[in-house]
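In our numbering, the protein residues as written are 130 to 230. Glycine included, C-beta positions come from ideal geometry on N, C-alpha and C.
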Amino acid sequence: MPASAAAELIRNEPTAAVFDVRDMASYQKAHVEGAAHLSEDRLLAWMKRLPKETPVVIYCYHGNASKTFAQMFVDFRYTRVFSVDGGYEPLAVALANGVAA
130 MPASAAAELI RNEPTAAVFD VRDMASYQKA HVEGAAHLSE DRLLAWMKRL PKETPVVIYC
190 YHGNASKTFA QMFVDFRYTR VFSVDGGYEP LAVALANGVA A
């Protein structure tokens, strides 16, 4: 999903779950407001808590690792799962600039 579309979804869907799958140091340095850090060891715990229809937005450094995590959510029958193209930087810019899809 393009970063601009992800930003729009995050702004317009208050129930969206936003996950940062970068390393903890990068997450602690900067992350999207409201995003939770997600690692493989916490994945199942999150899946047990989130309803299957929850919009799930996942970002990483460049949009590669987030695709893997997104596929895991899809494999568990989540219906609205999005990996952010380009990762954190373009998403942060789109959110800061109010860019619409």
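Verify whether the separation of the beta carbon atoms of residue i and residue j is less than 9 Å.
| i | j | result |
| --- | --- | --- |
| Val232 | Ile187 | Outside the displayed range of the chain (130 to 230) lies residue 232, so it cannot be described from this structure. |
| Tyr217 | Ser155 | yes |
| Arg151 | Tyr207 | no |
| Val185 | Leu224 | no |
| Glu182 | Arg209 | yes |
| Pro172 | Phe211 | Correcting the residue type first, residue 172 is Leu in the shown sequence and not Pro. It is not a contact, given that the beta carbons lie outside the stated cut-off. |
Opposite residue i in the DSSP bridges: which residues?
| i | result |
| --- | --- |
| Asp152 | In the DSSP output, where bridge partners are listed per residue, Asp152 has none listed. |
| Val147 | Val186 |
| Ser133 | Answer by DSSP bridge pairing: none, since Ser133 is not bridged. |
| His160 | The partner list for His160 (beta bridge, DSSP) is empty, contrary to what the question assumes. |
| Val210 | Val185 |
| His166 | Asp149 |
Assuming residue i and residue j form a contact by the criterion Cβ under 8 Å, report the distance between their Cβ atoms to the nearest whole angstrom.
| i | j | result |
| --- | --- | --- |
| Ala132 | Leu220 | 4 Å |
| Val213 | Gly227 | Not really, about 17 Å apart at Cβ, beyond 8 Å. |
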